[in-house]
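Chemist: Sharing a structure below in structure tokens format, with a few things to ask.
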Amino acid sequence: MQMEERGKIAEDAGILLAATDGNTRNAGLLAIAKALKENETAIIAANQEDMKRSQEESLGAPLLKRLTFDADKITDVIQGIHSLVELKDPLGATKLSTQLDEGLDLYKVTCPIGVIGVIFESRPDAFVQISTLCLKSGNAVLLKGGHEALATNRILSKVIGEATKTAGIPDGWVQNLETRDDVTAMLALDQYIDLIIPRGSNSFVQYIMKNSNIPVMGHADGICHVYAHEDADIEQAIDIIVDSKTQYVAACNTLETLLVNENIAPALLPPLKEALAKKGVRLKGDADTRNIIAAEEATEADWKTEYLDYILAIRIVPTLEAAISHINTYGSGHTDVILTTNEATARTFLTFVDSAGVFWNCSTRFSDGFRFGFGAEVGISTSKIHARGPVGLDGLLSYKYKLLGHGQCVADYASGKSRFTHLPQETNCPI
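Throughout the sequence shown, residue numbering follows UniProt numbering, covering 1 to 431 in sequence.
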């Protein structure tokens, strides 16, 4: 099937999907959860095929961890689907209600974006999370995962599509793309696709933007920072830094650069090095860091690197302002943390750091749609329009204005025969 035909099928399915009620879409979600469990053996077998091929191709250990889709991960995504079912239907919510005149009422009402194309890494759990979020929000979706997950994504697409069809969800709402040529062709389908979400490096996101007329919501590098201020609680700081770096090293919200105030560095760095060594973390440091602890030399390139590995770059800074300047210069606008016991210091950091997530005394790893209560995420947007940070259901919505009248004509208002009232209302749109 040609991509243009697939795009038209997705558009048609999206129109029908947008008209379904919340109960129907929830039934589709529950059908997916049931089908994933029933097909667990076949899904794991497909994933093992991908794992074997990727190991033979010398795929790195952190990326292999992302690729793994075993019984535990299937259980996790099924639990995520049930959490999604429990969330309120995002469609048809009245966001604004205004009486323009007596008998002329304006409503701003949520609706799906339409057809979304998502290009993402070799993470089969992301295939499930993205497709189910799109279903809950009434969007059709074209998914292109990394080639390492080819067999797993293929069976997931089949299982999900067949399951939702039995629940009354339009056929063709979810489609799996497998080749780079598919992606190239998809980028030209601006008559059918309403939004592209590319997850990857800044250069990859820029490539997508330059090669498509379709709006793009970028999910770029996760160069996340933790800054330990001079008054940080050392024991707490070590726990947060270790968690941020090692809890799941291949995630985009993993700590990559640690900034340490020069006044706390001598007390913090030695015990931190010991804690990180137990997790197998390699340290790279600037000259001041290497005067306190043993570490490899960090260069300018390290401040710009998303390792996705057991490597941490460390830089000692003289002031809070220097830390903020470093983050705004080298960061990717993803998630950055300050460790301090002073609220005013924290407020300054949270105000002046220009990132989607700015945290005080907690791990970077909290930057996640599921942990935020969004029902998983399609990605973490480092853009400022139309969504920022973890993109859950709200980020997959648009809106339309519904104007309900009783024969009114603009000529009467232009002539002064009728006058606008523009009164705010608390009523929901009745249709």
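We put the beta carbon where it would ideally sit given N, CA and C, even for glycine.
Just curious, the beta strand (DSSP E) that T257 is in, first and last residue?
Modeler: Translated into the one-based positions of the sequence shown, residue 257 becomes position 257. It spans 255-261 - the beta strand (DSSP E) in which T257 sits, taken as one unbroken run.
Chemist: Note down the Cα distance separating Y399 from A10, rounded to an integer number of angstroms.
Modeler: Taking the first residue of the sequence shown as position 1, residue 399 is located at position 399. Taking the first residue of the sequence shown as position 1, residue 10 is located at position 10. When rounded, the distance between both Cα atoms is 20 Å.
Chemist: Excluding sequence positions up to five away, which residues of its chain have a Cβ less than 6 Å from the Cβ of G14?
Modeler: As a working note, residue 14 is residue 14 in the sequence shown. The residues are G114, V115, A140.
Chemist: Count the other C-beta atoms from every protein chain shown that fall within 10 angstroms of the C-beta of A423, then say buried if there are 16 or more, exposed otherwise.
Modeler: As a working mapping, residue 423 is identified with position 423 in the sequence shown. The question names Ala, but residue 423 in the sequence shown is Leu. With fewer than 16 Cβ atoms within 10 Å of its Cβ, L423 is classed as exposed.
Chemist: Quick one: residues in its chain with C-beta nearer than 7 Å to the C-beta of A33, no 5 flanking neighbours on either side, listed in chain order?
Modeler: Stepping through the sequence shown from its first residue, residue 33 is reached at position 33. Excluding sequence neighbours, A33 sits near I78, I81, H82.
Chemist: When the Cα of T340 is compared with those of D231, G373, N291, T299, which residue comes out closest?
Modeler: Here residue 340 refers to the residue found at position 340 when the sequence shown is read from its first residue. Ranking D231, G373, N291, T299 by Cα distance to T340 puts D231 first.
Chemist: For D336, report the span of its beta strand (DSSP E) as first-last.
Modeler: Along the sequence shown, one-based indexing puts residue 336 at 336. Per DSSP, D336 belongs to the beta strand (DSSP E) from 335-339.
Chemist: What alpha helix (DSSP H) runs, 4 residues minimum, are completely inside the stretch 254-320?
Modeler: The stretch 254-320 contains these whole alpha helix (DSSP H) runs: 265-277, 287-290.
Chemist: Count the other CB atoms within 10 Å of the CB of L96; is the residue buried (16 or more) or exposed (fewer)?
Modeler: Position 96 of the sequence shown, counting from 1, holds the residue named residue 96. With fewer than 16 Cβ atoms within 10 Å of its Cβ, L96 is classed as exposed.
Chemist: Check whether the stretch 275-284 and the stretch 88-107 are in contact - that is, three or more C-beta pairs closer than 8 Å.
Modeler: With the cut-off at 8 Å, the stretch 275-284 and the stretch 88-107 do not touch.
Chemist: How close, in whole Å, do the beta carbons of L396 and F374 come, if the pair is a contact with beta carbons under 8 Å?
Modeler: Residue mapping note: residue 396 aligns to position 396 of the sequence shown, counting from 1. Residue mapping note: residue 374 aligns to position 374 of the sequence shown, counting from 1. 10 Å between Cβ atoms; not a contact.
Chemist: CB L268 to CB A237, shorter than 8 Å?
Modeler: In the sequence shown, residue 268 corresponds to position 268, counting from 1. In the sequence shown, residue 237 corresponds to position 237, counting from 1. Yes; because the gap between Cβ atoms is below 8 Å, this pair is in contact.
Chemist: Starting from the C-beta of S418, find all residues in its chain whose C-beta is less than 8 Å away, skip the five residues before and the five after it, and write them out in chain order.
Modeler: The count along the sequence shown starts at 1 and reaches residue 418 at position 418. The residues are D101, Q408, D412.
Chemist: Tell me, which residues are paired with Q236 by DSSP?
Modeler: Your numbering for residue 236 matches position 236 in the sequence shown. In DSSP, Q236 forms no bridge with anything.
Chemist: Look at the alpha carbon of A414 and the alpha carbon of T345, and state the distance between them as a whole number of angstroms.
Modeler: Looking up residue 414 in the sequence shown gives position 414. Looking up residue 345 in the sequence shown gives position 345. Taking the straight line joining both Cα atoms gives about 55 Å.
Chemist: Express the C-alpha separation of E162 and I130 in angstroms, rounding to a whole number.
Modeler: Position 130 of the sequence shown, counted from the start, is the residue given in the question as residue 130. Position 162 of the sequence shown, counted from the start, is the residue given in the question as residue 162. Distance between the alpha carbons of I130 and E162: 17 Å.
Chemist: Do the CB positions of I240 and L272 come within less than 8 Å of each other?
Modeler: Residue numbering aside, residue 240 sits at position 240 when the sequence shown is read from its first letter. Residue numbering aside, residue 272 sits at position 272 when the sequence shown is read from its first letter. No, they are not a contact pair.
Chemist: Assess, as a yes-or-no matter, whether the stretch 359-372 is touched by the stretch 56-73 under the definition of 3 or more beta carbon pairs within less than 8 Å.
Modeler: Result no; under three Cβ-Cβ pairs closer than 8 Å.
Chemist: For P360, which beta-bridge partners are listed by DSSP?
Modeler: Translated into the one-based positions of the sequence shown, residue 360 becomes position 360. Inspection of the sequence shows that residue 360 is occupied by Trp rather than by Pro. Looking at the DSSP assignment, W360 forms a beta bridge with I338.
Chemist: So C252 and H334 are supposed to be a Cβ contact under 8 Å. How far apart are they, rounded?
Modeler: For the purposes of this step, residue 252 is identified with residue 252 of the sequence shown, where counting begins at 1. For the purposes of this step, residue 334 is identified with residue 334 of the sequence shown, where counting begins at 1. Contact holds; Cβ gap of about 7 Å.
Chemist: Comparing C-alpha positions only, which one of G405, G416, V410 sits nearest to L106?
Modeler: On the sequence shown, residue 106 is found 106 positions in, with the first residue counted as 1. It is G405 whose Cα lies nearest to the Cα of L106.
Chemist: What's the call for L312, buried or exposed, on a 16-neighbour Cβ count within 10 Å?
Modeler: Numbered from 1 along the sequence shown, position 312 holds the residue referred to as residue 312. Buried.
Chemist: Nearest-angstrom Cα distance between F120 and G331?
Modeler: Here residue 120 refers to the residue found at position 120 of the sequence shown. Here residue 331 refers to the residue found at position 331 of the sequence shown. Distance between the alpha carbons of F120 and G331: 21 Å.
Chemist: Pairing CB atoms from the stretch 358-368 with CB atoms from the stretch 170-190, are three or more of them under 8 Å?
Modeler: Counting Cβ pairs under 8 Å, fewer than three are found: no touch.
Chemist: Is A35 near V159, with beta carbons less than 8 Å apart?
Modeler: Residue 35 sits at position 35 when you count from the first residue of the sequence shown. Residue 159 sits at position 159 when you count from the first residue of the sequence shown. Yes, the Cβ-Cβ distance between A35 and V159 is below 8 Å.
Chemist: Applying the criterion that 16 or more other CB atoms from any shown protein chain within 10 Å of the CB defines a buried residue, is P347 buried or exposed?
Modeler: Numbered from its first residue, the sequence shown carries residue 347 at position 347. Correcting the residue type first, residue 347 is Arg in the shown sequence and not Pro. It counts as exposed.
Chemist: According to DSSP, is P62 part of a helix, a strand, or is it coil?
Modeler: By one-based count along the sequence shown, residue 62 stands at place 62. Reduced to three states, the DSSP call for P62 is helix.
Chemist: Between Q408 and chain D, is any beta-carbon pair separated by less than 8 Å?
Modeler: No chain D appears in the structure shown, which is made up of a single protein chain.
Chemist: Near D288, what residues of its chain come up, given a Cβ to Cβ distance below 6 Å and the 5 sequence neighbours on each side ignored?
Modeler: Within the sequence shown, the letter at position 288 stands for residue 288. Counting only Cβ-Cβ distances below 6 Å, and skipping sequence neighbours, we find I316.
Chemist: In terms of alpha-carbon separation, which member of L29, E235, D194, L17 lies closest to L84?
Modeler: Taking the first residue of the sequence shown as position 1, residue 84 is located at position 84. Nearest of L29, E235, D194, L17 to L84, Cα basis: L29.
Chemist: Please list, in chain order, all residues of the same chain as L276 whose beta carbon is under 8 Å from its beta carbon, the five residues on each side excluded.
Modeler: Start at 1 with the first residue of the sequence shown, and residue 276 comes out as number 276. So the qualifying residues of the chain are I241, V242, K245, T246, L283, L312.
Chemist: Please confirm whether A228 and N263 have their CB atoms less than 8 Å apart.
Modeler: Residue numbering aside, residue 228 sits at position 228 when the sequence shown is read from its first letter. Residue numbering aside, residue 263 sits at position 263 when the sequence shown is read from its first letter. No, the Cβ-Cβ distance between A228 and N263 is not below 8 Å.
Chemist: Does DSSP put R199 in a helix, a strand or coil?
Modeler: Residue numbering aside, residue 199 sits at position 199 when the sequence shown is read from its first letter. Reduced to three states, the DSSP call for R199 is strand.
Chemist: I need the DSSP call for I431, collapsed to helix, strand or coil.
Modeler: As a first step, residue 431 must be located in the sequence shown, where it is residue number 431. Coil, per DSSP.
Chemist: Looking only at DSSP bridge pairs, what is Q175 linked to?
Modeler: Translated into positions along the sequence shown, residue 175 becomes position 175. DSSP, once it has assigned bridges, lists L142 as partnering Q175.
Chemist: Do L16 and A376 have their CB atoms nearer than 8 Å?
Modeler: Taking the sequence shown and counting its residues from 1, the one referred to as residue 16 is at position 16. Taking the sequence shown and counting its residues from 1, the one referred to as residue 376 is at position 376. For L16 and A376, no; Cβs fall outside 8 Å.
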